[in-house]
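Comments concern the structure below.
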Amino acid sequence: MAILEVKNVGKRFGGLQALSDVNLSVAENSVHAIIGPNGAGKSTLLNCLVGKLIPDTGSVMFDGQSVLGRKPYEINQMGISRVFQTPEIFGDLTVMENMLIPCLAKRDGAFQLNGWSRVVGQQDMIDKAEEMLRDMHMIDKRHMHAAAMSRGDKRRLEIAMCLAQDPRLLLLDEPTAGMARADTNNTIDLLKQIKDERDITIAIIEHDMHVVFSLAERITVLAQGTPLVEDTPDRIKGHPKVREAYLGESQDAA
Amino acid sequence: MLGLEKRDTLLLGVVIVLTLFAPFILNPFPADSGLAQFNAGYPDLMQRFVIFGIFAIGFNILFGLTGYLSFGHAAFLGVGSYSAVWMFKLLSYNVVPALVLAVIMAGLFSALIGFISLRRSGIYFSILTLAFAQMSFNLAYSVLTPITNGETGLQIYTSDPQYLQSVDAPSFPNLFGAAMNSSTTLFFGDWTFTFSVGYYFCAVFLILAFYLAIRIFRSPFGMMLRAVKSNQQRMNYTGLNTRPYTLAAFVISGMYAGLAGGLLAAMDPLAGAERMQWTASGEVVLMTILGGAGTLIGPVLGAGFIKYFENIFAKINDNVLHGWFAFMPDGLEDAMVAIIHPFVGKGWHLTLGLLFMLVVIFLPGGLVEGGQRLGRVFRRKDSNAGSVEANAAKQRNEAAE
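Encoded structure:
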């Protein structure tokens, strides 16, 4: 059953047709990768899913409900969490506070005027946040300022924050961009572990083919704003159209 | 105790002791000595310390936590003052209805201005609040003269109705008969200490305001406000709507300002438009940054610091300076007076400006950071430990704030 259904989505920026006639269906509890050369429209598509952009045409359905016209926080409350290309965390806050915020957002909703209650009194939330940090092997860093951590740890924290909300769909935007090989492999292992242990659907946008082929069960190749092919990793590897799209890109780059 | 952590209880205790014993603490010099002019323990100035302390505590909830820099908070102070004086005019000299209306009106007014201004952030937000405050000032100064009495300022006349004023009640703002301008003086040797009803009335509000601020800082709501300052994008993608959080912080700080304005009117029952001018808004920004934005005690320290300078340094004139340097040869005495003259008396702003620059450059965390650094020098372990230890100590201190 498809949890995310994208139908005929198009988006134009001035003279540039960034997306045209995109159809995409992400099956529940699967890992779906979206790959494509630079400028293929991957990020535009992602932004259309989370409410940052509103597509000109088409529909985006999440679990049978349209996400179009909803604000990012509303879409998140529906069960879609997003991990950014550069980790977006609360740098001025401690790691523990970073974890508490999504826990509270999950429990209390988009706004709660609880100026009289105490953070230290929210024992259930603290337990939940600590358990998450323990799972992520970050419990010893809980009093650290998030901004002071390494990039790999920031990424790990951001993923942990998204998971603390128990999302049904986790969107990852090039989660290993700019990472060293060791950090990349750690992230792959982490994502594999998440996939095995949770009922969660993962959609991932990625440049690094190593990451894509280690994780994805299904791959959509996007080129010039339209899906070229959608298939299993094995079949994508040898697909002539995919080779053409990527070779074309490398020739342009040279 | 009181739902506070040990450290916060200690901080609240320090504030309570300081405010209750302020008439002694601020009057360290005998009344007839040459240093008596540095005494700040007279009711008028002490009232200003605590009233502007309340104003700055409220401003800090908006600016210190969310990072939204409002340049228009004096407008809410002014609204509070006008509301309070109107209650004196219409009902009676009792301060309770005056303060209630001051807080409510300032809250409504800040909800309106906040709702519009918070559609933008950063410099655009600051400019919007500045524009609204200047509009309010001009309205109060000219257009709304029937309500504000224009440039004369709103005051109480014998012809005012005062429907609830009883015959034997004092004809000055009072709390069920205890007039705000009444005081007792204690003579102790060469020292004189003045205890005024008005000061202690304000001090109680400062303590309550400070306690409420601690509760907000340590609440999930306060944590969300700090998250707004840190990363709004992540907040939106964590299912949190930032707009009501910032608006709530704006209205709370507006109500603090309204309370401060109401108290100003209760201490001296008149309200003028100049209270809403942008320089007044700028002053509370200075107080907060000077003391330490985002810290609990900082704004109170900043308010006290600036009000002390305004009132004490401004009183040092050339005669006083000549008195100080009288022991020097004539030529040298005149030279010293000429050098110091621009920095005192009417030039106190110059000294304040220099101090402000020094603080911002060398102590970005304000006076509170200065205190922390001093504390660290005394605690040798922290200062001598390796860089990792020092970092941890810094984070510990920041977390403790």
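Line by line, the protein sequences give chains S and B.
With my numbering, you'll find the first sequence wraps up at 254, consecutive numbering, no jumps.
With my numbering, you'll find the second sequence wraps up at 1401, consecutive numbering, no jumps.
Here a beta-carbon is modelled for each residue, glycine too, at the ideal position from N, C-alpha and C.
Residue environment, residue i, which counts as buried when at least 16 other CB atoms sit within 10 Å
i: residue 41(S); result: buried
i: residue 116(S); result: exposed
i: residue 1166(B); result: exposed
i: residue 1388(B); result: Reliability of the predicted coordinates at residue 1388(B) is poor, the pLDDT of 48 falling under 50, and the value obtained from them is presented with this limitation in mind. Residue 1388(B) should be labelled exposed.
i: residue 1055(B); result: buried
i: residue 1307(B); result: buried
i: residue 250(S); result: Unreliable positioning characterises residue 250(S) in this predicted model, as indicated by a pLDDT of 47, which lies under 50. The coordinate reading is nonetheless provided below. Residue 250(S) comes out exposed.
i: residue 1260(B); result: buried
i: residue 1277(B); result: buried
i: residue 1185(B); result: exposed
i: residue 1068(B); result: buried
i: residue 1357(B); result: exposed
i: residue 73(S); result: buried
i: residue 288(S); result: The structure shown does not extend to residue 288(S), since chain S is modelled only from 1 to 254, so the question has no answer here.
i: residue 124(S); result: exposed
i: residue 1109(B); result: buried
i: residue 1072(B); result: buried
i: residue 96(S); result: buried
i: residue 232(S); result: exposed
8 Å CB neighbourhood of residue i in its chain, flanking five on each side removed
i: residue 1218(B); result: 1004, 1005 and 1008
i: residue 207(S); result: 35, 174 and 177
i: residue 234(S); result: none
i: residue 78(S); result: 62, 63, 65, 67 and 70
i: residue 1092(B); result: 1162, 1163, 1164, 1165, 1166 and 1169
Beta-carbon contacts of residue i that lie in its chain and below 6 Å, excluding the five residues immediately before and after
i: residue 82(S); result: 50 and 171
i: residue 128(S); result: 103
i: residue 1060(B); result: 1288 and 1299
i: residue 253(S); result: Residue confidence is low: residue 253(S) scores 40 on pLDDT, short of 50, so the model does not pin down where it sits. Its coordinate-derived value is still stated next. Result list for residue 253(S): empty, nothing under 6 Å.
i: residue 1105(B); result: 1079 and 1083
i: residue 223(S); result: 36, 40 and 245
Listed by chain order, chain B residues near residue i by CB distance under 8 Å
i: residue 50(S); result: 1237
i: residue 99(S); result: What residue 99(S) touches in chain B: nothing, since even the nearest Cβ is about 11 Å away.
Terminal residues of the beta strand (DSSP E) in which residue i lies
i: residue 21(S); result: 16-27
i: residue 58(S); result: 57-62
i: residue 1261(B); result: Taken as a continuous stretch (DSSP letters only), residue 1261(B) belongs to no beta strand (DSSP E), being part of the alpha helix (DSSP H) at 1242-1267.
i: residue 1033(B); result: Here residue 1033(B) belongs to no beta strand (DSSP E), and DSSP marks it neither H nor E.
i: residue 3(S); result: 2-13
i: residue 1193(B); result: 1191-1196
i: residue 203(S); result: 201-205
i: residue 94(S); result: No beta strand (DSSP E) contains residue 94(S), which DSSP labels as neither H nor E.
Short Cβ contact (9 Å threshold) for residue i with residue j
i: residue 1070(B); j: residue 1253(B); result: yes
i: residue 167(S); j: residue 200(S); result: yes
i: residue 1062(B); j: residue 1210(B); result: no
i: residue 1026(B); j: residue 1012(B); result: no
i: residue 1175(B); j: residue 1086(B); result: no
i: residue 1291(B); j: residue 1367(B); result: yes
i: residue 31(S); j: residue 191(S); result: yes
i: residue 1183(B); j: residue 92(S); result: no
i: residue 33(S); j: residue 219(S); result: yes
i: residue 1151(B); j: residue 1074(B); result: no
i: residue 1050(B); j: residue 1205(B); result: yes
Chain B contact residues for residue i, given Cβ-Cβ distances below 7 Å
i: residue 102(S); result: 1238
i: residue 92(S); result: 1226, 1229 and 1230
Where the alpha helix (DSSP H) containing residue i begins and where it ends
i: residue 1055(B); result: 1043-1060
i: residue 173(S); result: Looking at the DSSP string, residue 173(S) is not in any alpha helix (DSSP H); the run it does join, the beta strand (DSSP E), is 169-173.
i: residue 1081(B); result: 1074-1090
i: residue 44(S); result: 42-50
i: residue 1324(B); result: 1318-1324
i: residue 189(S); result: 181-197
i: residue 231(S); result: Note, residue 231(S): premise wrong, no alpha helix (DSSP H); beta strand (DSSP E) at 226-231.
i: residue 214(S); result: 209-215
i: residue 137(S); result: Note, residue 137(S): premise wrong, no alpha helix (DSSP H); not H, not E.
i: residue 1024(B); result: 1022-1025
Where residue i meets chain S, residues with beta-carbon distance less than 9 Å
i: residue 1221(B); result: 112, 113, 114, 115, 116 and 117
i: residue 1275(B); result: Neighbours of residue 1275(B) on chain S: none; closest Cβ ~28 Å, over 9 Å.
i: residue 1248(B); result: 111, 113 and 115
i: residue 1216(B); result: 115 and 116
Residue i: contacting residues in chain B (beta-carbon distance under 9 Å)
i: residue 105(S); result: 1224, 1235, 1238, 1239 and 1240
i: residue 89(S); result: 1230, 1231 and 1234
Contacts of residue i in chain S (Cβ-Cβ under 7 Å)
i: residue 1244(B); result: 111
Within chain S, partners of residue i - CB distance below 8 Å
i: residue 1005(B); result: 120
Same chain, Cβ closer than 7 Å to residue i, five either side skipped, listed in chain order
i: residue 1031(B); result: 1190, 1191 and 1192
i: residue 1035(B); result: 1029
i: residue 18(S); result: 11, 12, 41, 44 and 225
i: residue 1222(B); result: 1065 and 1216
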